[in-house]
Amino acid sequence: DAGITQSPRHKVTETGTPVTLRCHQTENHRYMYWYRQDPGHGLRLIHYSYGVKDTDKGEVSDGYSVSRSKTEDFLLTLESATSSQTSVYFCAIRVGLAGGTNEQFFGPGTRLTVL
Amino acid sequence: SQQGEEDPQALSIQEGENATMNCSYKTSINNLQWYRQNSGRGLVHLILIRSNEREKHSGRLRVTLDTSKKSSSLLITASRAADTASYFCATDAGNTDKLIFGTGTRLQVFP
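Residue numbers (this note's numbering), protein chains in the order written: chain A, 7 to 121; chain B, 8 to 118.
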């Protein structure tokens, strides 16, 4: 099984502060994803990475940036957190690449509250 | 915009009954997937069906795909209390690098 961890698991911060969430995988998967989950919206893609230093935007990328300096880590940064970014954030890795599919394996999530 | 929309939004059944949830999508796809999410946890992949397949089985799960109607259904047979979760469909909208998730069906199975 793919190993994937997220840190922190819970965070409360104030409006205007920077926040960085970390996703770490223990296997050598090329693709990594950041989603946010909000009631009534399901999961929405924020950014994804298809290799070291290779990233692209998703559906709701405004206000977020990402970095991937090594294969195992994918960082999501909120430069100046706003209350609308209160959400549960999930990281995922693509485990179906060899089979030509986008089957994904998800981390446990980070609950972020912006006051 | 949401690619997939699940129906119903919520479903309550008794143990032993079958649960059927549906997913509709908007654009052509390479494949469609179903995921389960237990409360407070990440999503777990259940099953994938390719666009050239019409039906697929995995244990108590049966998935159908009708590309002409742009719809899929997930059937859970002989449901158990442990099946209580939210279920999401996800499609690639023709771009296999990204998935688009629906808003989910919340299933409650009563003992």
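Virtual Cβ for every residue (Gly too), placed ideally from N, Cα, C. A quick note: this is a predicted structure, and the numbers were derived from the prediction, not measured.
- When secondary structure is reduced to three states using DSSP, S90/A falls in the helix class.
- Taking 9 Å as the CB threshold, G101/B stays off the interface with chain A.
- Nearest to D44/A by C-alpha distance, out of V18/A, F80/A, Y95/A, is Y95/A.
- Shown here, L84/A sits in a strand according to DSSP, grouped into three states.
- Rounded to whole angstroms, the gap between the alpha carbons of K17/A and D73/B is 43 Å.
- Scanning the stretch 21-78 of chain A for uninterrupted beta strand (DSSP E) segments of 3 residues or longer gives 25-31, 38-44, 48-57, 60-63, 70-76, listed from N- to C-terminal end.
- Looking at the backbone, the Cα of T77/A and that of H30/A are separated by about 9 Å.
- Within chain A, no C-beta atom comes less than 8 Å from the C-beta of R67/B; the nearest is roughly 20 Å away.
- At a cut-off of 9 Å, the C-beta of N34/A has no neighbouring C-beta in chain B.
- Listed along chain B, the residues sitting closer than 9 Å to P114/A by beta-carbon distance are G47, R48, G49.
- Taking the Cα positions, A98/A is about 18 Å away from S93/B.
- The three-state reading of DSSP puts A89/B in helix, counting H, G and I together.
- A Cβ-Cβ contact shorter than 9 Å links L106/B with T98/B.
- Residues of chain A whose Cβ lies closer than 7 Å to the Cβ of T110/B are, in chain order, G46, H47, G48.
- DSSP places A100/B outside both helix and strand once states are collapsed to three, so it counts as coil.
- Here R61/B is exposed, its C-beta having fewer than 16 other C-beta atoms within 10 Å.
- L106/B has a beta carbon lying within less than 9 Å of a beta carbon in chain A.
- In this structure, the CA atom of N29/B is about 20 Å from the CA atom of G23/B.
- Straight across, the Cα-Cα distance linking R42/A with R50/A is about 6 Å.
- Remark: C-beta atoms of Q40/B and N108/A approach each other more closely than 9 Å.
- DSSP places L106/B in the coil class of the three-state scheme, outside both helix and strand.
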